[in-house]
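**Q** Mind looking over this structure? Questions follow.
Chains as they are written, first to last, in full-length UniProt numbering: chain A, 1 to 493; chain B, 1 to 493.
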């Protein structure tokens, strides 16, 4: 079972054999999670939570087994390892550090807190009342701060959290990045909103997003697009429905994505499919030899998001894509006269709104900056929880020019904090900016560029190493230029 | 989490806390298995097999942990336990015996053999060639014989295997049971086939089973039936599609059944749903306090099958059921003039055939007798594998009056042996016979009879103890009389 071509070091082989147990636990946990989001009867979630909680503690215990830890120490001290072998040690040492530094009691408490908090968050969002969610939110930030203390940091506890989601990411990298893009994006947004085209578009009574579609027909269109992108669709890859789109991979031969169906706004369902396909492709094209090892599947969150955003923005929102599937779109959307121009305008409409998930390519990053500031402020105890809602609303006004009418449209809109994730959001913006650089690279590269340069390596390399390997330096101006070029054409300025 | 009303003994409480880890492993394995049969992309099965194999060895290792085994020994020596507490010890000791007596190498080898054998069996069945499957089949019987040696037995190694599926079942109980029912069933079948009604029915050109139906409409009918039986349908219970109907339960609040759709023979899809509902109801009505303990869910296979067969035969095949759902059936089946009489005749048609899964209430047991004889003969080395196909065909001729035309209709028809199950089949007949006794008991009992007398106990009791508790003695004449009464009316003799 252990891949023999890539892995030859005897210590590594022993590590991989033991790791297969940990992989098996992750595999079934992931299946159970996919099930929870897709087919599980509502009342089944309690047993799900109980089982997954136990599995997490079993996994921690097995990970900290002396035999395994000693193998890791031994491998770490060895020279002459291949890139993949070093990748394995790097990934496992990161996890080991996490398990060693966090008491298992803390892990279990955190798991229980976030399980409950997600349910409370759902209730608060439904009832449109932040007060219901305030207490669990404060606890989640308290525990995240505690986690940062356990894990250790140099400048700010927030850096320990950023590092959880993107290895080596710090506030000193995120802050200047946002500073660099803020003004150009603001200027671009101003130019767009002042353009005549924008003014006309905003007066239209029935833009395409309000036209109804039939769910079954929409699903058919989604599958047709996926089959075009990936002819193996159905054999090692499938599409399901969930309350929020996501991708999950159980290996190269079983990767699944989901989308949603709102019965209007067909681009929302379709672009979600294309976005998730970008994630899926990354997972499916990780080299077969890496299967069931710690470096199988996508590397970091930034690279992952750069894949999904590449497909969503640079493929799905392109004129070429719309041309190819226009007849199918026309068959899917009720009584509408879709043209390439009208769909292109609809897919690329810029408009500041209060909801992150509905934001366009230009305004999206303001949503992320807002969250970055709040997360950092809360972790550094510079914002009080009692000021939170007002702070959110004021910052939305500052960045986007409008205020959320309700908590559900404001501070309650995202699921991340309820699930315990603090420090996750910046990867969305970084990934999106990086995707423009892949788009540039692909233009001059061979076909299968992504597979050859990124996908096959799984998580062998960190983001920085992968960029270095591909001789690409992270450069926000590439995406800024792409946005400027694209939207000056669309809005005619 | 640990139920406090039923379980008070401190040792039992410790056992249950540890057991929750084992339960969590079983829970996620079961979800993964359901996924395999319903939604998994075909190419995902390799990773599935690898993960489940590892989980099985993790579970064995955790089960054999000295701390846990000592707790079991301690509890075993204690008096004053409740029935439920004794049930827990009984079930866990059975599993402990299995894990202790079988080397883990044997368990892993057996797992690998049956994983491969199932794939080979599918190929053999498709290609209609027993020769392809002969070798793995011989190995499976060899390993089953070896398993019997490990586990120990008194009279014949086959008894050790029977006991795996039905605690305490032996050849000395199964043999006389089949002897008792053989002649009466043969006589009944003779009377039926000689009746004028049978002769007329066999001449009809278009019996109902050949009429086509629409899959989506059929699924709607199935769900309507389930919602009538179980108004909570959708909240803690759902219906899916698989290549062979089955039931799986992840707890009282998440039980799932599947059915199949052949687009003709609508009773086959509907009666499968009703059959599986019988299994599901048993699992869903196990007392809440037993959740996540070793005695949650149905008790033995015989009792389980007695539940499914009760619903299938005594409810689904009844005139009352057909009357209630006739308009829905009419809407579902294309261009047919369904009447209560025609559907009743179709649901209860007796006709000897070569396929077990399509057999009626009268001829079904001949299929089981045949398998019982072959299994016992192979385990006791009285039948050679080279004679197997001829033996199967000759016995089919003897019992059912006709010979399989192909291996797929004959010795290759069942999945059980390829999955390693030897000694399973007799529970089907025993359960079916027992179901007639429940039907009798329910007639004079209160509503919710099944919940009160059987379901709530989970697997607290063995079959024998449960019968004793309900003051019912297993009596094959009850089902024989039911069949005689029913079919003499249908076939007018």
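Virtual Cβ for every residue (Gly too), placed ideally from N, Cα, C.
Since this is a predicted model, take the numbers as computed values, not measurements.
Got a sec: is the Cβ-Cβ distance from residue 46 of chain B to anything in chain A below 8 Å?
**A** yes
**Q** Ordered along the chain, which non-local residues of its own chain (more than five positions away) have a Cβ less than 7 Å from that of residue 328 of chain B?
**A** Excluding sequence neighbours, residue 328 of chain B sits near 221, 224.
**Q** Any beta carbon from chain B within less than 8 Å of residue 29 of chain A's own beta carbon?
**A** So, interface residue.
**Q** Starting from residue 272 of chain B, find everything on chain A with Cβ-Cβ shorter than 8 Å and list it in chain order.
**A** The contact set of residue 272 of chain B on chain A, defined by CB atoms closer than 8 Å, is empty, because the minimum CB distance reaches about 19 Å.
**Q** Could you pull the start and end residues of the beta strand (DSSP E) that residue 444 of chain B belongs to?
**A** Residue 444 of chain B -> not in any beta strand (DSSP E); alpha helix (DSSP H) instead, spanning 426-444.
**Q** Identify which residue in A/83, A/79, A/25, A/51 has its Cα closest to the Cα of residue 5 of chain A.
**A** A/83
**Q** Using a Cβ-Cβ cutoff of 8 Å, what residues of the segment 336-370 of chain A are near chain B? List them in chain order.
**A** none
**Q** Within 10 Å of its beta-carbon, does residue 252 of chain A have 16 or more other beta-carbons around it, so buried, or fewer, so exposed?
**A** buried
**Q** Looking only at its own chain, which residues have a Cβ that is under 6 Å from the Cβ of residue 121 of chain A, when we skip the five neighbours before and after it?
**A** 133, 418
**Q** Residues of chain A with a CB under 9 Å from the CB of residue 55 of chain B: which are they?
**A** What residue 55 of chain B touches in chain A: 21, 24, 25, 27, 28.
**Q** If you draw a straight line from the alpha carbon of residue 2 of chain A to that of residue 284 of chain A, how long is it in whole angstroms?
**A** Since pLDDT at residue 2 of chain A reaches only 44, below the 50 mark, its modelled position is unreliable, and the value read off the structure follows with that caveat. When rounded, the distance between both Cα atoms is 19 Å.
**Q** Show which residues of chain A have a CB atom less than 8 Å away from the CB atom of residue 253 of chain B.
**A** 41, 43, 44, 46, 47
**Q** Nearest CA to the CA of residue 297 of chain A: which residue from A/384, A/153, A/455, A/447?
**A** With distances taken between Cα atoms, residue 297 of chain A lies closest to A/455.
**Q** Show which residues of chain A have a CB atom less than 8 Å away from the CB atom of residue 107 of chain B.
**A** Ordered by position in chain A, no residue passes the 8 Å Cβ test against residue 107 of chain B, which lies about 15 Å from the chain.
**Q** Return the CA-CA distance between residue 274 of chain B and residue 226 of chain B, expressed in angstroms with no decimal places.
**A** 8 Å
**Q** Spell out whether any CB of chain B is found under 8 Å from the CB atom of residue 227 of chain A.
**A** no
**Q** Do residue 320 of chain B and residue 271 of chain B count as a contact pair if the criterion is CB distance below 8 Å?
**A** For residue 271 of chain B and residue 320 of chain B, no; Cβs fall outside 8 Å.
**Q** Under DSSP, the beta strand (DSSP E) around residue 88 of chain A begins and ends at which residues?
**A** Unbroken run through residue 88 of chain A is the alpha helix (DSSP H), 83-101; no beta strand (DSSP E).
**Q** Who are residue 76 of chain B's beta bridge partners in DSSP?
**A** DSSP links residue 76 of chain B through a beta bridge to no other residue.
**Q** Does the beta carbon of residue 257 of chain B sit closer than 8 Å to a beta carbon anywhere in chain A?
**A** no
**Q** Just reading off the beta strand (DSSP E) that residue 258 of chain A is part of, what are its end residues?
**A** 255-259
**Q** Kindly indicate which three-state DSSP category residue 212 of chain A falls into: helix, strand or coil?
**A** strand
**Q** When DSSP builds the beta bridges, which residues end up paired with residue 347 of chain B?
**A** DSSP, once it has assigned bridges, lists no residue as partnering residue 347 of chain B.
**Q** DSSP state of residue 249 of chain B, grouped into three classes?
**A** strand
**Q** Drop a sphere of 10 angstroms on the beta-carbon of residue 331 of chain A, count the other beta-carbons inside from all chains shown, and report buried for 16 or more, exposed for fewer.
**A** exposed
**Q** What in chain B is Cβ-close to residue 234 of chain A, meaning under 9 Å?
**A** 41, 42
**Q** If we cut at 8 Å on Cβ distances, does residue 145 of chain A have a partner in chain B?
**A** no
**Q** Taking only the alpha-carbon atoms, compute the straight-line gap between residue 239 of chain B and residue 229 of chain B and give it to the nearest angstrom.
**A** 13 Å
**Q** In terms of DSSP beta bridges, what is residue 238 of chain A paired with?
**A** A/256
**Q** List the DSSP bridge partners of residue 333 of chain B.
**A** B/213
**Q** Taking all protein chains shown into account, do 16 or more other C-beta atoms lie within 10 angstroms of the C-beta of residue 350 of chain B, making it buried, or fewer, making it exposed?
**A** Buried is the call here.
**Q** Going by the beta-carbon positions, is the gap between residue 334 of chain B and residue 212 of chain B smaller than 8 Å?
**A** Taking 8 Å as the cut-off, the Cβ atoms of residue 334 of chain B and residue 212 of chain B count as close.
**Q** Quick one: give me the first and last residue of the alpha helix (DSSP H) that residue 24 of chain B is part of.
**A** 10-38
**Q** Tell whether a beta-carbon distance below 8 Å holds between residue 367 of chain B and residue 356 of chain B.
**A** Their beta carbons are under 8 Å apart, which means residue 367 of chain B touches residue 356 of chain B by this criterion.
**Q** From B/314, B/10, B/250, B/233, pick the residue whose C-alpha is nearest to that of residue 78 of chain B; which is it?
**A** When each option's Cα is compared against that of residue 78 of chain B, the closest is B/10.
**Q** For a contact meaning CB atoms closer than 9 Å, what does residue 238 of chain A contact in chain B?
**A** 39, 40, 41
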